[in-house]
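Contents: one structure, followed by commentary.
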Amino acid sequence: MKIAVFVSGRGSNLRAILEKVPASKIKVAAIVSDKADCPAFSIAEEWGINTFSVSQNEKENFITYSFLIEKLKNENVELIVLAGFLKKIPDELIDSFHNRIINIHPALLPLFGGRGMYGINVHRAVFDSNVKVSGATIHFVNKIYDSGLIIAQRAVGIDDAETPEEIAARVLKVEHELLPFVVEKFADGKVAIVNSRARILD
Ligand code: GRF
22 MKIAVFVSGR GSNLRAILEK VPASKIKVAA IVSDKADCPA FSIAEEWGIN TFSVSQNEKE
82 NFITYSFLIE KLKNENVELI VLAGFLKKIP DELIDSFHNR IINIHPALLP LFGGRGMYGI
142 NVHRAVFDSN VKVSGATIHF VNKIYDSGLI IAQRAVGIDD AETPEEIAAR VLKVEHELLP
202 FVVEKFADGK VAIVNSRARI LD
């Protein structure tokens with residue numbers, strides 16, 4: 022199965038996919054960022070994968086979302102994975118890849134999600150709330166931030182965490198296990214929506 026991975030940061034989740042999902046099951050056909058010089062592009066270079074910088078407005082060296090959609094369709098990309106992509110996905114892309122765009126969020130949605138909840142902000146809110154577990158959520162992307170059907174979650178204990186950064190580190194470790202696991206399940210055709218619930222079939 023061919024996938025595209027959208028990034029805005031260092032790309033540790035991208036690297037986890039590349040290193041942990043068997044090459045016999047997936048091929049990353051494109052790495053897309055909202056930035057011209059995204060740090061994760063160095064991973065693309067290491068793995069010989071094409072990169073694209075996309076923008077809603079006309080910008081030099083950037084492509085438009087319409088062009089990106091055409092490109093991804095031509096490449097027969099079947100799944101788009103948002104791995105730390107910080108821009109909202111335009112409706113035209115969501116409509117073109119219905120139930121074929123997933124996002125990883127570094128908390129247990131529906132708590133600690135929505136606009137502004139990204140990066141350390143999430144873990145600071147979790148820390149300040151005094152909850153005893155956090156974790157990672159993988160969900161379908163729809164037109165409202167962080168509110169698509171949840172596909173998978175994995176929790177981690179944080180009762181003894183002393184800083185938000187410590188929570189971030191524990192959650193990131195879970196992300197690096199959960200995301201490759203779910204991407205591989207997509208490649209195996211084992212992700213389904215049954216009675217309006219997204220599920221991973223055994
Ligand atoms: C991850 O924590 C992910 O959950 C969030 O953004 C971060 C991306 O980190 N959406 P990286 O670029 O994959 O290292």
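Read in the numbering used here, the sequence shown has 149 at position 128, and its numbers run on one by one without any break. Beta carbons: idealized from backbone N, C-alpha and C, even for Gly.
Report all residues from its chain with a CB closer than 7 Å to the CB of residue i; omit the five preceding and five following residues, and keep chain order.
i    : result
I171 : L130, T158, H160 and A219
What residues match up with residue i in a beta bridge as DSSP calls it?
i    : result
V28  : S54
A157 : R175
T72  : I52
V152 : DSSP lists no partner for V152.
I214 : A219
K23  : K48
Any heavy atom of the ligand COA closer than 7 Å to the CB of residue i?
i   : result
E40 : Only the ligand GRF can be found as ligands here, which leaves the ligand COA out of the picture.
Measuring CB to CB, does residue i end up less than 8 Å from residue j?
i    : j    : result
V212 : K206 : yes
I125 : E196 : yes
I47  : T72  : no
S74  : F83  : yes
V203 : A176 : no
E99  : K23  : yes
Starting from residue i, trace the beta strand (DSSP E) both ways and give me its first and last residue.
i    : result
I123 : I122 to H126
I172 : I171 to G178
I101 : L100 to L103
Can you name the start and end residues of the alpha helix (DSSP H) that residue i belongs to?
i    : result
F62  : F62 to W68
V203 : P185 to A208
A37  : S33 to K41
D116 : D112 to S117
K92  : Y86 to N95
Let me confirm a value: residue i is counted as buried when at least 16 other C-beta atoms fall within 10 Å, else exposed. Which label applies?
i    : result
V154 : exposed
P201 : buried
S54  : buried
G137 : exposed
S217 : exposed
D167 : buried
Might you give, ordered along the chain, the residues of its own chain that have their beta carbon closer than 6 Å to the beta carbon of residue i, omitting 5 neighbours on each side?
i    : result
N120 : F161
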